[in-house]
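Going down the list, the sequences are from chains A and B.
Remember, my numbering sits 343 above the position in the first sequence when you count from 1.
Remember, my numbering sits 343 above the position in the second sequence when you count from 1.
Notes follow once the structure below has been shown.
2 protein chains.
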Amino acid sequence: MSPASNEPSATAPTRRTELLGIAAGLFAEKGFKNTTVRDIAEAAGILSGSLYHHFDSKESMVDEILSTFQEELFAAYDAVLASDVDARTKIDRAVRLSFEAIDQHPHEVAIFQNDAGYLGGFERFGYLAERNAQSREVWVTLLTEGVGSGVLRHDLDIELTYRFIRDTVWVAVKWYRPGGRHSHVEVADQYLTILLDGISTDPQPPSPRERP
Amino acid sequence: MSPASNEPSATAPTRRTELLGIAAGLFAEKGFKNTTVRDIAEAAGILSGSLYHHFDSKESMVDEILSTFQEELFAAYDAVLASDVDARTKIDRAVRLSFEAIDQHPHEVAIFQNDAGYLGGFERFGYLAERNAQSREVWVTLLTEGVGSGVLRHDLDIELTYRFIRDTVWVAVKWYRPGGRHSHVEVADQYLTILLDGISTDPQPPSPRERP
DNA sequence: GCGTCGACCAAACAAGTGCTTGGTAGGCTA
DNA sequence: TAGCCTACCAAGCACTTGTTTGGTCGACGC
Numbered sequence: 344m345s346p347a348s349n350e351p352s353a354t355a356p357t358r359r360t361e362l363l364g365i366a367a368g369l370f371a372e373k374g375f376k377n378t379t380v381r382d383i384a385e386a387a388g389i390l391s392g393s394l395y396h397h398f399d400s401k402e403s404m405v406d407e408i409l410s411t412f413q414e415e416l417f418a419a420y421d422a423v424l425a426s427d428v429d430a431r432t433k434i435d436r437a438v439r440l441s442f443e444a445i446d447q448h449p450h451e452v453a454i455f456q457n458d459a460g461y462l463g464g465f466e467r468f469g470y471l472a473e474r475n476a477q478s479r480e481v482w483v484t485l486l487t488e489g490v491g492s493g494v495l496r497h498d499l500d501i502e503l504t505y506r507f508i509r510d511t512v513w514v515a516v517k518w519y520r521p522g523g524r525h526s527h528v529e530v531a532d533q534y535l536t537i538l539l540d541g542i543s544t545d546p547q548p549p550s551p552r553e554r555p
Numbered sequence: 344m345s346p347a348s349n350e351p352s353a354t355a356p357t358r359r360t361e362l363l364g365i366a367a368g369l370f371a372e373k374g375f376k377n378t379t380v381r382d383i384a385e386a387a388g389i390l391s392g393s394l395y396h397h398f399d400s401k402e403s404m405v406d407e408i409l410s411t412f413q414e415e416l417f418a419a420y421d422a423v424l425a426s427d428v429d430a431r432t433k434i435d436r437a438v439r440l441s442f443e444a445i446d447q448h449p450h451e452v453a454i455f456q457n458d459a460g461y462l463g464g465f466e467r468f469g470y471l472a473e474r475n476a477q478s479r480e481v482w483v484t485l486l487t488e489g490v491g492s493g494v495l496r497h498d499l500d501i502e503l504t505y506r507f508i509r510d511t512v513w514v515a516v517k518w519y520r521p522g523g524r525h526s527h528v529e530v531a532d533q534y535l536t537i538l539l540d541g542i543s544t545d546p547q548p549p550s551p552r553e554r555p
């Protein structure tokens, strides 16, 4: 890489991180394969060849974008898993965490959602599949814990419920826009209301019940 | 859905429809842009140029695949909307209809899910956006009807709920495999249980309550 | 036999792709 | 002034892409 890159981009936005941001936006919008290095360069106001002064390849750009994001995200998940609260609260926090990630890193989430399948075919991106498995374990653990402690219905199909939650949470990146009509907190509220009142053994209506 | 269409090649699988099927499978698996005409030709055992004896272009292949499927799907939705049952039943039927579509036309659904954004940019595929709006109207109508008649909670954000349902249903195409562990009916059952017991004003636990 | 037709081949084309090369301009430091 | 460094340009390379063209082969009807 570069000689002085041991502590990169903590405060000052270098040209490198700036270019990564531009690339992330285009990858998210048009897909990785469908975004050309000339697209990225044009958006940055330079020529395509000049990108290779900063990066080895187009692949290493997504690589850096995705791996950085995933590291941050899973550290947050691990913190939730390790926290000392009941399963229902953990699920609540994990869901809010995800919507917060969509709010703060919409491009990264979109790229992962759209291109993980394609990229996962390369050895270089093997960590994507690992992260996927790790995510599954987080949710299955939480759901199993919830069923075991009685806060979740015992007739749930854990696997299906996991997929239901995972999909519903992450697809929101397709329509959610930071700064739009709803904040990510509002979206999480609504989603949790729908989700929990469906899978909880003790339904908790969000406001005083009107119709008994 | 309908047993068979009347006009084009209802019974005998012509070489043309055979090629369309092969193309659909590849488009669904790798994405439209990421599938080359040489991929399709190779899978069919011919050379890429020979495809142009059957089709005008690669675009017209997806066009035919998607438009045919959409026509069939929305005819089914219209039938549900027009049926003379309460809103909850209509929602139930619409959801089951969607999972049935995923079961019977997984390739078409996957292509629409993954590539509608990209394809929608071309005038030729303007009908995709129209169909999307039409789908939104179907669900918003059903949800509004449900809230109005009191079978759905009155504090629902119709727009958000519509998106949750739409996303949850269609995203299942990413993992559902016809002939796999769960039938599409079982999956629909589980989803409806989670969904309805969450948004219904009258929560119905699926089995006698164990913990009060 | 003759003509026609559907299905396909062989070869090429122009445009677009990721990436490489050699070079340049300006700023910083010694 | 000299040397180095970051950021970039200009031009091109090898390859892939969708598509076109002219031709071949066998089946079928007359």
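Don't be surprised by glycine CBs; every beta carbon is placed ideally from N, CA and C.
Margin query: Taking the straight line between their C-alpha atoms, what separation do you get for ILE445(B) and GLY388(A)?
Written below: Taking the second sequence and counting its residues from 1, the one referred to as residue 445(B) is at position 102. Taking the first sequence and counting its residues from 1, the one referred to as residue 388(A) is at position 45. Cα to Cα, the separation comes out at about 44 Å.
Item checked: the region 456-475 of chain B: positions lying closer than 7 Å to chain A by Cβ -> TYR461
Check: So is ARG431(A) in contact with chain B if we call contact Cβ pairs under 9 Å?
Finding: For this step, residue 431(A) is matched to residue 88 along the first sequence. No - not a single Cβ of chain B is within 9 Å of the one on ARG431(A).
Checklist line | Local conformation of LYS376(B) per DSSP, three classes | finding: For the purposes of this step, residue 376(B) is taken as the residue at position 33 of the second sequence. The answer is coil: DSSP assigns LYS376(B) none of H, G, I, E or B.
Next item on the list: Taking only beta-carbon positions, decide if ARG506(B) is within less than 9 Å of chain A.
Entry: Position 163 of the second sequence holds residue 506(B). So, interface residue.
Next item on the list: Please decide whether ASP510(A) counts as near chain B, where near means a Cβ-Cβ distance under 9 Å.
Entry: Position 167 of the first sequence, counting from 1, holds the residue named residue 510(A). True, the Cβ-Cβ gap to chain B drops below 9 Å.
Check: Distance, Cα to Cα, TYR395(B) vs GLY463(B)?
Finding: Residue numbering aside, residue 395(B) sits at position 52 when the second sequence is read from its first letter. Residue numbering aside, residue 463(B) sits at position 120 when the second sequence is read from its first letter. Straight-line Cα distance between these residues: approximately 23 Å.
Note to self: Am I right that MET404(B) and ALA371(B) are in contact with their C-beta atoms under 8 Å? What's the rounded C-beta distance?
What the structure shows: Position 61 of the second sequence, counted from the first residue, corresponds to residue 404(B). Position 28 of the second sequence, counted from the first residue, corresponds to residue 371(B). About 13 Å separates the two Cβ atoms, so there is no contact after all.
Next item on the list: Could you pull the start and end residues of the alpha helix (DSSP H) that SER410(A) belongs to?
Entry: By one-based count along the first sequence, residue 410(A) stands at place 67. SER410(A): member of the alpha helix (DSSP H) spanning 401-425, first to last residue.
Checklist line | Local Cβ density within 10 Å of TRP518(B), reported as buried at 16 or more and exposed below that | finding: Mapped onto the second sequence, residue 518(B) falls at position 175. Counting Cβ neighbours within 10 Å, TRP518(B) comes out exposed, since fewer than 16 surround it.
Check: Are the beta-carbon atoms belonging to LYS373(B) and TYR420(A) less than 9 Å from one another?
Finding: The sequence position of residue 373(B) within the second sequence is 30, counting from 1. The sequence position of residue 420(A) within the first sequence is 77, counting from 1. For LYS373(B) and TYR420(A), no; Cβs fall outside 9 Å.
Checklist line | Cβ-based contacts, 8 Å cut-off: residues of the region 374-388 of chain A near chain B | finding: GLY374, LYS376, ASN377
Check: Of the residues that make up the region 436-457 of chain B, which ones have a beta carbon closer than 9 Å to any beta carbon in chain A?
Finding: Within the region 436-457 of chain B, the residues whose Cβ lies closer than 9 Å to some Cβ of chain A are ASN457, listed in chain order.
Check: Which residues in the same chain have their Cβ closer than 7 Å to the Cβ of TRP482(B), if we skip the five residues on either side of it in sequence?
Finding: As a working note, residue 482(B) is residue 139 in the second sequence. These residues qualify, in order along the chain: TYR505, ILE508, ARG509.
Check: By DSSP, does PHE465(B) sit in helix, in strand, or in coil?
Finding: On the second sequence, position 122 is the one that residue 465(B) refers to. Coil.
Check: So what's THR432(A) in DSSP terms, helix, strand or just coil?
Finding: Walking along the first sequence from the start, residue 432(A) turns up at place 89. Of the three classes helix, strand and coil, the one that applies to THR432(A) here is helix, per DSSP.
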